[in-house]
Amino acid sequence: MKNKPILAGALAIAAAGMIGCGEKQAGVDPKLYTDSLFAVMKADRTNYTKLIIQRLGPNGVNTIKPDEHWQDIDNGAPLPAQMFRAGAERVADMTDEFTYSLQSIWPVNKQNAPKTEMEKQGLQYVADNPGENFYGSEELGGVTYYTAVYPDVAVSEACISCHNEHKDSPKTDFKMGDVMGGVVIRVPLK
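If you read the sequence shown in this note's numbering, its first letter stands for residue 1156, the second for the next number, and so on.
Below is the structure:
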């Protein structure tokens, strides 16, 4: 661990109990751990989208504009996917107990495409099986990871119109409730 605290105290306790050093130790099951992490991420992202972005869009005040180039415009606000990425990058700077990312088999931004076979399988699985999660393990760089993929669902008209109208979007027929991608969470198993 990088001598910095994990974001949530309860998750820190769970991680310490879950990740042992060879001996079987009492703790939280990796599935419960990743499910808990995802619940927090999903709540934050949904709230940001519904409480902030939706209110700032066409039906809102519009004094602050959500835009993918938000840093280059006056009063710009990051899009939900950009806010999510910023959170993932901040967590990566704080701990090595887990990582997460937002990915899609239809990425608007190519850097959000799946890179490993497990990511591809998981993203395809959640797209083909709405409402279900995908769990597996993979070895990367000599480390075995518990990898979970959760569906990223369109929760707002802002999500749908942004993806359907974006010039770089490979899929332009999303509807409310559709799986648009997935949240990939990795936990190293020691």
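Backbone N, C-alpha and C fix where the C-beta goes; we use that ideal spot for every residue, glycine too.
Inter-segment contact for the stretch 1267-1287 and the stretch 1332-1339 is present: three or more beta-carbon pairs are separated by less than 8 angstroms. Looking at Lys-1330, Ser-1256 and Gly-1242, the one whose alpha-carbon comes closest to that of Val-1308 is Lys-1330. For Ala-1282, the enclosing alpha helix (DSSP H) begins and ends at 1272-1283. The residue among Lys-1326, Thr-1271, Met-1238 and Ala-1268 with its C-alpha nearest the C-alpha of Asp-1199 is Met-1238.
In the three-state reduction of the DSSP assignment, Ala-1241 falls in the helix class. Taken atom to atom, the span from the alpha-carbon of Ile-1207 to that of Asn-1230 is near 13 angstroms. For Arg-1341, the closest C-alpha among the options Val-1310, Glu-1293 and Lys-1326 is that of Glu-1293. Judged by DSSP secondary structure, Asp-1328 falls outside any beta strand (DSSP E); it is assigned neither H nor E. With the rule of 3 Cβ pairs closer than 8 angstroms, the stretch 1241-1252 does not count as touching the stretch 1315-1331.
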